[in-house]
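Chemist: Under the working numbering, the first residue of the sequence shown is numbered 35, with each subsequent residue one higher.
For glycine and all other residues, C-beta sits at the position ideal for the given N, C-alpha and C.
Since we're looking at a predicted model, the values are computed, not measured.
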Amino acid sequence: MRTYHCFWLLFWAGQPHQSFLTPLSKRTSGFPEKEKVLVLSGNSRQDLHRSKRSWMWNQFFLLEEYTGTDYQYVGKLHSDQDKGDGSLKYILSGDGAGDLFIINENTGDIQATKRLDREEKPVYILRAQAINRRTGRPVEPESEFIIKIHDINDNEPMFTKDVYNASIPEMSDVGIIKTALLNMDRENREQYQVVIQAKDMGGQMGGLSGTTTVNITLTDVNDNPPRFPQSTYQFRAPESTPLDSPVGRIKANDADVDENAEIEYSITEGDGYDMFGITTDKDTQEGIITVKKALDFESKNLYILKVEATNTHVDPRFLYLGPFKDSATVRIQVEDVDEPPMFSRPAYIMEVKEDVPLNSVIGTVTAQDPDAVKNPVKYSVDRHTDMDRVFNINSGNGSIFTSKPLDRETLLWHNITVIAAEINNPKQSSRVPVFIKVLDVNDNAPEFAMFYETFVCENAKAEQLIQTLSAVDKDDPYNGHQFSFSLAPEAASSSNFTLQDNRDNTAGIFTRKTRYNRHETSTYFLPVVISDNDYPIQSSTETVTIRVCACDHRGKMLSCNAEALIHPTGLSTGALIAILLCIIILLVTVVLFAALRRQRKKEPLIISKEDIRDNIVSYNDEGGGEEDTQAFDIGTLRNPEAIDDNKLRRDIVPETLFMPRRTATARDNTDVRDFINQRLKENDTDPTAPPYDSLATYAYEGNGSVAESLSSLESVTTDGDQDYDYLSDWGPRFKKLADMYGSMDSDKDS
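#1: Can you grab the Cα-Cα spacing for the pair residue 522 / residue 392, in whole Å?
#2: Where does residue 616 land, buried or exposed, given buried means 16+ other C-beta within 10 angstroms?
#3: Take residue 418 as the anchor and find which of 448, 398, 410 and 120 has the nearest alpha-carbon.
#4: State the Cα-Cα distance for the pair residue 341 and residue 350, rounded to the nearest angstrom.
#5: What do you get for residue 321, buried or exposed, if any count of 16 or more other CB atoms within 10 angstroms of its CB means buried?
#6: With a threshold of 6 Å on Cβ separation, who are the neighbours of residue 434 within its own chain once the five nearest residues in sequence on each side are excluded?
#7: For the alpha helix (DSSP H) containing residue 521, name the first residue and the last one.
#8: Please report how far the alpha carbon of residue 347 lies from the alpha carbon of residue 289, in whole angstroms.
#9: Applying the criterion that 16 or more other CB atoms from any shown protein chain within 10 Å of the CB defines a buried residue, is residue 343 buried or exposed?
#10: Do residue 460 and residue 2 count as a contact pair if the criterion is CB distance below 9 Å?
#11: What separation, rounded to the nearest whole angstrom, lies between the Cα atoms of residue 97 and residue 107?
#12: What number of angstroms, rounded off, separates the C-alpha of residue 200 from the C-alpha of residue 111?
#13: For residue 470, name the three-state secondary structure that DSSP assigns.
#14: Less than 9 Å separating the beta-carbons of residue 413 and residue 381?
#15: Under DSSP, the alpha helix (DSSP H) around residue 715 begins and ends at which residues?
#16: Please classify residue 301: does DSSP put it in a helix, a strand, or coil?
#17: Do you know offhand how far residue 513's Cα is from residue 568's?
#18: So, are the CB atoms of residue 490 and residue 588 less than 9 Å apart?
#19: Apart from the five residues just before and just after residue 150, which ones in its own chain have a Cβ nearer than 6 Å to its Cβ?
#20: Would you mind sorting residue 602 into buried or exposed? The rule is 16 or more other CB atoms within 10 Å of its CB.
#21: Have a look at 307, 558, 538 and 764 and flag the residue whose alpha-carbon is nearest the alpha-carbon of residue 545.
#22: Whole-angstrom Cβ separation of residue 499 and residue 486, contact assumed at under 8 Å?
#23: Could you say which of 389, 421 and 400 lies nearest to residue 439 if we only look at CA atoms?
#24: Go ahead and label residue 375 buried or exposed: buried means 16 or more other beta carbons lie within 10 angstroms of its beta carbon, across all protein chains shown.
#25: Would you report the Cα separation of residue 298 and residue 310, rounded to the nearest angstrom?
#26: Suppose the cutoff is 8 Å on Cβ atoms and the five residues either side in sequence are ignored; what does the same chain contact list for residue 539 look like?
#27: Can you list, in chain order, the residues of its chain with a C-beta nearer than 7 Å to that of residue 272? Leave out the 5 residues immediately preceding and following it.
#28: Spell out whether any CB of chain B is found under 9 Å from the CB atom of residue 716.
#29: Got a sec, what are the start and stop residues for the beta strand (DSSP E) residue 417 sits in?
#30: Kindly indicate which residue of 619, 159 and 443 has the alpha-carbon position closest to the one of residue 178.
#31: Figure out for me which residue from 195, 189, 226 and 287 has the closest Cα to the Cα of residue 154.
#32: So, at 6 Å on beta carbons, what are the nonlocal neighbours of residue 226 in its own chain, with the 5 sequence-adjacent residues on each side left out?
#33: By the DSSP assignment, the beta strand (DSSP E) with residue 387 in it spans what residues?
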């Protein structure tokens, strides 16, 4: 039940003066309440001075959530200028004026038209004014007053959330929501649900209440050490297990979660401490045992390790529970496997001189079966690495020997691969690289570094340097190259030039005399002997070509063409070669042109991709002459009446034998045109005719002419002249002939 409180308020304005209260208006609803009056008073009219009049600041109080059917009465405004004659008018403005709050303009009574909610708006500020109804002028200045909404208990307590989720570490001390049990253990129960009720009015009768649910989760702390479920683990690993490969997994259990359950594994002791390692799988918290060094069954086949599991995050508050770690024993049994042969070295390097005789042994490789049975091993060379078969190997003892000559200048290093395989099981094999270096011997003579062709001026002076020579050698002596230069014995005394060895692997060619004549000798060939200083000494004779040229006074070459001066009408060798090349090119062009034309003649008629030659039947038989009676009967064409109606065509064999249809033969006097049309009709209507082009011969010349022969071939045999007057009787067709022959007769007679 709601409780309503009423207040009587009377406000006075200005100095002490006489005031009055207007009668209360009739209330139609609500409960009895004293009238709230806001009075405006002024000085007596007999006063000589009038003081400024204003509204007295005031407050009205109004209960929220009014449930009556009529408007709720708020209070009353009254001015001391109001004489009760209706000459004043009260006006209300401000928050909700005219809508939420209305005023009786005659009496000044204020009413609320709607239910008010303090939680929605607790205070309304309004302004009141009294004006002269006749003039519309205010009789008092505008004044402001406040309407406050008085609170009632109409809202129950509400929580901001329907469900609260809270967490608290296990083993926690008291908080706002207190634990009712001592040392609550998350591992036993993790989730709790608590219903909280809140009451207003201090829990007194008539107060309102609200409830909410709090889900409380006990968070984890590291109060449980890791524990191995068993004290001993046993695994097996083949001796061929690759490095860093897993051998087995172990796991220690921890009742905690998240980072409190993180475990680090380590090998603390054992005879395989350096042979194996252990890592932690971050997803499963398992310890993975891996191989760190190669296993060998023949050396050791059993390893015993001690593995320890430790929490990585330890809470010092719970150290009293004991050490947060545990240990277990791991036994690893190494299993024997059939292993391939093993070479004594990972790689071999050998050296051999390039002049070594064939079948000379240059080195030996060794491999043996690491298994206990010690199977015998055979050796071979991988021919993919020795395509030229320069080397070979003894399959029994692994000695490598040469099978072809070596040349350091061609190939300095030979990289081959040797294979060792078990004789009893060739699939068990291994490979090893063998690097063979070919050592140098002095087997190459020095030679010029380039082809030397120099010139000497006709006006050259004696002892003049015309060319500097240098040499190269394919060999590579240990102390470097040391070349010596000299003229060949046959040119040492009779040559027109001298050679000077500079002792720095170069030599200079000097003139021996003054002036040379290119008309006498245009070219000199100077043989030079080059020797090295290695053992055995190698030498070669190289030739320097020296041309005699015409030069200016500064020694600049002008011309060296001595052949043109000696043989002015002859052709040089270069010109002859050019002419010969032109002739050869011309002949080749003619041959190619003839071959091309011949090839064009042989080309088929149809060269399209859609070749239809298979669909063409060619009839190119020209017959056997007059004696050929099996092809076409020419006599039949000449005499249509002699045709054999029962004779079938010979060019095709029809699927069904149809007798050829014939029309009536032409009479003896039938014209050639009629004959040809008749034969065309016969061929067109012949069902045995092929559906492709064929040959039909029309050789009929007719049965003769009524005019008989017009030939003049026999006229020479007659003694007299022939008479052609009858031509005039043959009609217009023969008029031309009649005129021609008739005119001749007339000329002749004249």
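Modeler: Reading it off the structure:
#1: Residue 522 and residue 392: Cα-Cα distance of roughly 36 Å.
#2: exposed
#3: 448
#4: 24 Å
#5: buried
#6: 396, 397, 425 and 427
#7: It is not in any alpha helix (DSSP H) - residue 521 instead sits in the beta strand (DSSP E) that spans 518 to 521.
#8: 14 Å
#9: buried
#10: In the structure as shown, the chain starts at 35 and stops at 784, and residue 2 therefore has no counterpart that could be examined.
#11: 10 Å
#12: Their backbone Cα atoms lie some 57 Å apart in a straight line.
#13: strand
#14: no
#15: For residue 715, the enclosing alpha helix (DSSP H) stretches over residues 706 to 718.
#16: strand
#17: 9 Å
#18: no
#19: 98 and 183
#20: Low per-residue confidence applies at residue 602: pLDDT is 41, beneath 50, and the placement is therefore not dependable enough to give any value.
#21: Shortest Cα-Cα distance from residue 545 to any of 307, 558, 538 and 764 involves 558.
#22: No, residue 499 and residue 486 are not in contact; Cβ-Cβ is about 14 Å, not under 8 Å.
#23: 389
#24: buried
#25: 16 Å
#26: So the list reads 504, 505, 515, 516 and 517, once near-sequence residues are dropped.
#27: 369 and 371
#28: Within the model displayed, chain B is absent; a lone protein chain is all it includes.
#29: In this chain, residue 417 is not harboured by any beta strand (DSSP E), its DSSP state being neither H nor E.
#30: 159
#31: 189
#32: 250
#33: Element bounds for residue 387: 382 to 387.
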